[in-house]
């Protein structure tokens with residue numbers, strides 16, 4: 004009667020845990036911090052359980068309600084979703100620990116601090132559900148859950164900037180979802196199924212499929228903030244509370260990219276290659292534009308937000324290449340960016356918290372007062388730039404290899420220029436971290452664990468590069484990117 | 121011209137109309153109305169295409185999807201309206217500034 | 021004989037009706053979005069929602085029609101009007117500076133060049149034509165999932181196929197959707213500082229009416245919940261009617277007693293999702309799949325989950341209408 008370990012539904016647990024956590028922390032605001040950390044730890048354990056299953060038995064399919072697709076909804080976990088879940092678990096564990104210090108009642112209104120936890124756990128549940136879903140309508144619901152919780156979290160910061168950017172973010176998010184949903188409607192009525200695998204077997208080119216490819220792509224690109232649809236991202240990611248900025252830049256924009264990637268790999272091969280070239284071009288512009296804008300910023304959080312715009316551009320360079328190595332390269336970049344960007348925003352949060360501002364020119368001996376935070380920023384910066392042996396280095400190296408292999412030299416130039424721009428803006432910040440400010444500051448103490456969390460995540464981004472063979476091998480489980488022999 | 125395609129085209133019309141209004145209006149309440157009209161358009165496409173042509177049973181799955189969609193839409197609308205009130209309190213206006221922050 | 025000869029006439033009449041309804045929908049939507057007065061715009065939008073409900077009926081989707089009338093037109097309309105009322109209250113205190121600003125915006129807009137206007141219109145025409153073309157090429161007579169839904173209806177525990185999809189086959193979607201609703205309320209509460217609705221002093225008519233209507237609405241909600249198993253209706257329709265009763269209560273000035281504002285209220289709000297998740301997890305422990313109900317008591321279970329959901333949906337919708345979080349009033 005009772006289930007064995009081999010078939011224990013870890014995938015469901017990964018979704019149910021943060022969902023229950025959200026409800027419990029809404030019911031019992033007194034225990035939010037404890038609940039937050041407990042849920043984070045148990046989700047990490049559940050992800051390990053799922054990972055073990057996937058490694059041992061290959062890609063997992065789970066029919067919710069026992070019906071199975073197309074009638075029911077299936078969960079699906081292969082190497083791609085597993086890696087997304089692992090990085091989400093790591094980032095969220097970090098955010099959890101960091102937030103116990105950040106949302107301290109001493110300087111955050113208690114009512115606001117209490118709402119952070121349930122909202123954040125809803126966001127986490129949405130992310131996990133999204134990475135595991137195999138059903139395109141279910142993905143719509145998870146997208147909405149994700150979008151609304153992200154908006155509420157941005158608004159949590161209060162003040163005119165945060166509220167207006169939350170409003171803009173909400174409108175963009177809803178617009179993107181509706182485009183996506185119309186695309187889903189066309190796909191459903193073309194093939195009578197919502198399951199990605201079934202659709203991938205049945206799909207054949209038709210005007211309705213092209214229209215849905217266009218609609219779904221526009222909707223998801225809007226949410227992923229690909230240039231020129233990035234306008235909403237910098238203000239939203241800047242004005243949010245630091246742990247929320249970290250979540251948004253590291254994970255939330257990647258979630259819509261993940262859906263796009265899945266669709267592109269499974270359903271859209273009929274969509275034609277011209278769209279791939281266009282995405283690559285937009286990605287290239289994003290890298291350059293984001294980099295230049297980041298360099299021009301005077302405030303640290305804004306700089307990091309524009310850096311996200313640039314780094315998201317890299318993810319789209321795989322579309323014109325379309326090769327096995329290129330996909331693996333961008334997934335690797337995505338993972339290392341998630342870790343590094345979380346560390347960066349946390350470091351920025353620490354600096355902001357310590358000195359009361361994040362104006363780069365007015366930094367006052369940051370290195371001396373906050374050595375751990377400075378180290379975290381520098382290490383994360385190394386990964387963003389793509390210095391060896393970081394995760395960012397491996398990702399860019401693979402991407403360069405793919406570009407050279409296919410003879411698309413313009414992409415090689417873009418990748419190198421993007422790296423140089425990143426180096427310029429990272430060093431700009433580090434340079435000011437050593438200087439003395441002419442303005443005197445009133446400083447506040449930053450809890451030590453907030454500094455350590457940033458440093459550990461930055462180290463994880465570096466370690467990812469050292470342990471590269473392991474995630475690269477995981478990516479092949481279930482063959483999300485096809486056979487590698489050709490690549 | 122049958123019912124199915126008629127309502128589907130009305131749905132597409134509502135979607136585009138809402139999109140247009142969303143982009144040109146600056147008052148947030150109007151933007152929210154526009155999003156809702158767009159949503160109704162999408163729902164109409166979903167259900168209209170599922171309608172039976174000759175006395176057969178309609179496909180209930182899109183119906184369920186639309187009911188889900190309506191509930192999601194009212195949730196999003198409620199959140200958006202509360203946000204409008206907050207934006208109004210903080211900035212004195214129920215519009216978004218032209219220039220994003222900076 | 022008579023009946024047969026009438027058939028073409030009937031189809032023609034239906035076609036005329038559908039065409040008129042279609043145009044009315046587009047016209048109302050356009051007027052609602054273009055109307056200079058916000059109040060008028062919202063009223064037109066509510067009318068649009070009611071016509072949408074009519075369209076759902078024409079499309080053989082009575083469940084959707086009920087949901088649309090209650091939620092799409094009713095509660096969304098109430099929310100919009102409540103928001104407008106709160107915006108207008110502050111409007112009166114608007115400073116001269118803001119008024120000047122508004123005038124400036126208007127004059128700038130009138131300078132908009134017609135070229136860009138035409139370009140934009142052209143672009144939208146292309147988009148709409150492209151979509152219509154794509155839709156027209158869709159294969160006709162795809163029954164979608166109608167067959168598998170009906171074939172498994174017996175083991176789903178209910179005989180209304182839409183309820184079967186919502187609560188059984190795709191129950192997981194519904195679970196997440198209930199989470200979205202709860203999340204929206206959490207979000208609204210987290211904003212804080214939402215201006216209170218002006219205290220309304222209900223006239224005797226509203227008072228009388230509400231005394232009649234509220235029990236009726238609660239009964240209707242219960243009926244819809246019960247009937248959803250085999251006829252149009254269900255948790256969302258029932259819940260929204262319950263929500264309407266709550267809105268009416270709030271309108272006549274009723275407020276939740278201080279004792280219930282804290283944990284009891286929160287428990288009621290979480291109840292729907294909570295029961296749903298617990299039901300799913302219990303079956304995992306019993307060796308079944310998540311949310312896999314045994315056919316023998318699937319019907320009872322679905323009714324139980326729906327009852328919990330109805331209660332939570334109703335209370336959540338009413339709370340959304342109230343806006344800010346109900347306060348504790350401390351005794352001094």
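Chains as they are written, first to last, in this note's numbering: chain A, 4 to 490; chain U, 121 to 222; chain S, 21 to 352. Glycine included, each C-beta is placed from N, C-alpha and C at the ideal position. Quick caveat: nothing in here was measured; it's all calculated off a predicted structure.
With 16 as the cutoff for other CB atoms within 10 Å, does residue i come out buried or exposed?
i	result
residue 208 of chain U	buried
residue 292 of chain A	buried
residue 325 of chain S	buried
residue 364 of chain A	exposed
residue 89 of chain S	buried
residue 277 of chain A	exposed
residue 244 of chain A	buried
residue 408 of chain A	exposed
residue 86 of chain A	buried
residue 153 of chain S	exposed
residue 413 of chain A	exposed
residue 124 of chain A	buried
residue 452 of chain A	exposed
residue 353 of chain A	buried
Between which two residues does the alpha helix (DSSP H) holding residue i run?
i	result
residue 243 of chain S	224-247
residue 58 of chain S	58-78
residue 112 of chain A	Note, residue 112 of chain A: premise wrong, no alpha helix (DSSP H); not H, not E.
residue 305 of chain S	283-305
residue 67 of chain A	Counting along the chain, residue 67 of chain A falls outside any alpha helix (DSSP H), though it belongs to the beta strand (DSSP E) covering 63-67.
residue 327 of chain A	327-358
Excluding the 5 residues preceding and the 5 following residue i in the sequence, name in chain order all residues of the same chain whose CB lies nearer than 8 angstroms to its CB.
i	result
residue 230 of chain A	285, 286, 288, 289, 292, 293, 312, 316
residue 8 of chain S	A question about residue 8 of chain S goes unanswered here, because the residues of chain S that appear run from 21 up to 352.
residue 175 of chain S	315, 318
residue 14 of chain A	53, 63, 65, 78, 80, 135
residue 162 of chain U	131, 135, 189
residue 356 of chain A	105, 245, 447, 449, 453
If the cut is a Cβ gap below 8 angstroms, which residues of chain U does residue i touch?
i	result
residue 158 of chain A	203, 206
residue 170 of chain A	148, 200, 203, 204, 207, 216
residue 58 of chain S	147, 149, 150
Which chain U residues sit within Cβ distance under 7 angstroms of residue i?
i	result
residue 96 of chain S	156, 194, 197
residue 134 of chain A	By Cβ distance, chain U contributes nothing, its closest Cβ being about 20 angstroms from residue 134 of chain A, past 7 angstroms.
So, for residue i: in the same chain, excluding its five sequence neighbours on each side, which residues have a beta-carbon less than 7 angstroms away from its beta-carbon?
i	result
residue 168 of chain U	124, 127, 128, 131
residue 84 of chain A	134, 135
residue 263 of chain S	95, 333, 334, 337, 338
residue 101 of chain S	62
Using a Cβ-Cβ cutoff of less than 6 angstroms, which residues in the same chain neighbour residue i once the five nearest sequence positions on both sides are dropped?
i	result
residue 155 of chain A	122
residue 394 of chain A	339, 386, 464, 467, 468
residue 263 of chain A	223
residue 193 of chain S	none
Starting from the beta carbon of residue i, find every residue of chain S whose beta carbon is closer than 7 angstroms, and list them in chain order.
i	result
residue 181 of chain U	164, 165, 169, 185
residue 145 of chain A	196
residue 23 of chain A	297
Which two residues bound the contiguous beta strand (DSSP E) that contains residue i?
i	result
residue 189 of chain S	Note, residue 189 of chain S: premise wrong, no beta strand (DSSP E); not H, not E.
residue 80 of chain A	76-80
Note down, in chain order, every chain S residue with its Cβ under 8 angstroms from the Cβ of residue i.
i	result
residue 178 of chain U	79, 80, 81, 166
residue 167 of chain U	76, 79, 81, 84
So which residues on chain A does residue i lean against when the C-beta distance must stay under 8 angstroms?
i	result
residue 85 of chain U	Here chain U covers residues 121 to 222 and nothing more, so residue 85 of chain U does not appear.
residue 157 of chain S	209, 210, 211
Residues of chain U with a CB under 9 angstroms from the CB of residue i: which are they?
i	result
residue 175 of chain A	Within chain U, no residue comes near residue 175 of chain A; the closest Cβ sits about 10 angstroms away, beyond 9 angstroms.
Identify the contact partners of residue i in chain S, using a Cβ-Cβ distance below 9 angstroms as the criterion.
i	result
residue 192 of chain A	155, 158, 159, 162, 164
How would you list, in chain order, the residues of chain A whose beta-carbon sits under 7 angstroms from the beta-carbon of residue i?
i	result
residue 312 of chain S	68, 69
residue 185 of chain U	140
Can you find at least 3 beta carbon pairs, one from the stretch 282-298 of chain S and one from the stretch 327-344 of chain S, that sit closer than 8 angstroms?
Yes: at least three Cβ pairs fall under 8 angstroms.
Report yes or no: do three or more beta-carbon pairs, one from the stretch 161-172 of chain A and one from the stretch 183-190 of chain A, lie closer than 8 angstroms?
Judged by Cβ distances under 8 angstroms, the stretch 161-172 of chain A makes no contact with the stretch 183-190 of chain A, as fewer than three pairs qualify.
Under 8 angstroms, with one C-beta from each stretch per pair, do the stretch 144-153 of chain A and the stretch 115-131 of chain A reach the 3-pair mark?
The stretch 115-131 of chain A and the stretch 144-153 of chain A touch, with three or more beta-carbon pairs separated by less than 8 angstroms.
Three or more C-beta pairs below 8 angstroms linking the stretch 30-43 of chain A and the stretch 71-80 of chain A:
These segments do not touch.
State whether the stretch 138-158 of chain U contacts the stretch 195-215 of chain U, with contact taken as three or more CB pairs (one from each stretch) at a distance under 8 angstroms.
Counting Cβ pairs under 8 angstroms, three or more are found: they touch.
Taking 8 angstroms as the threshold, find out whether the stretch 341-349 of chain A comes into contact with the stretch 413-426 of chain A through three or more Cβ pairs.
These segments do not touch.
Determine, using beta-carbon pairs with one atom in the stretch 66-76 of chain S and one in the stretch 236-254 of chain S, whether at least three such pairs fall under 8 angstroms.
Using a C-beta cut-off of 8 angstroms, the stretch 66-76 of chain S makes no contact with the stretch 236-254 of chain S, since fewer than three inter-stretch Cβ pairs fall below that distance.
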